[in-house]
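The structure appears below as structure tokens.
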Amino acid sequence: MYPDSVLIGLVKRMIHDKLETLPRAFRDCPIEDWCGRNYGGSYVHRFKASSQKRSALFSLTTNLATHVTINTNQLGKALRGNEDYNLFLQEIFLFIQNYISELAWQGYRVSDTYAIPPNCPDCT
Numbered sequence: 001m002y003p004d005s006v007l008i009g010l011v012k013r014m015i016h017d018k019l020e021t022l023p024r025a026f027r028d029c030p031i032e033d034w035c036g037r038n039y040g041g042s043y044v045h046r047f048k049a050s051s052q053k054r055s056a057l058f059s060l061t062t063n064l065a066t067h068v069t070i071n072t073n074q075l076g077k078a079l080r081g082n083e084d085y086n087l088f089l090q091e092i093f094l095f096i097q098n099y100i101s102e103l104a105w106q107g108y109r110v111s112d113t114y115a116i117p118p119n120c121p122d123c124t
């Protein structure tokens, strides 16, 4: 996605309209410093991930991803020190989906349905 795209402009305008309701600490720094970046998933996933707990929305494009980047560097700062694994698990689900798609493209037999149970006792 290009930084000057219409979608990016819309999101920035929506954020700008809400800035007055945010604490002053957020108003005094650039949006990029406290938003963080999400490099995985579709644009629908990026918007819904922050509002839907305990869910993962898969990117169902016909093209396989060349790479998946998982980065939670700024997550702790945004959550004031608390941990939230829901966002991280969504990235893992996207990676697993891409991995299984890659196996299918390489000719391996992949079942029509499959389950990936995450085993994380400490996750919310």
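In full-length UniProt numbering, the protein residues as written are 1 to 124.
From the three backbone atoms N, C-alpha and C, an ideal C-beta is built for every residue, glycine too.
- Taking the Cβ atoms as the reference, I92 lies roughly 15 angstroms from Y114, outside the contact range of under 8 angstroms.
- Annotation for G9: the continuous alpha helix (DSSP H) segment containing it runs V6 to K18.
- If you draw a straight line from the Cα of L103 to the Cα of L22, it comes to about 45 angstroms.
- Annotation: L94 to P117 spans about 14 angstroms, alpha carbon to alpha carbon.
- In this structure, the CA atom of K12 is about 44 angstroms from the CA atom of R109.
- Secondary structure at T21: helix, using DSSP grouped into helix, strand and coil.
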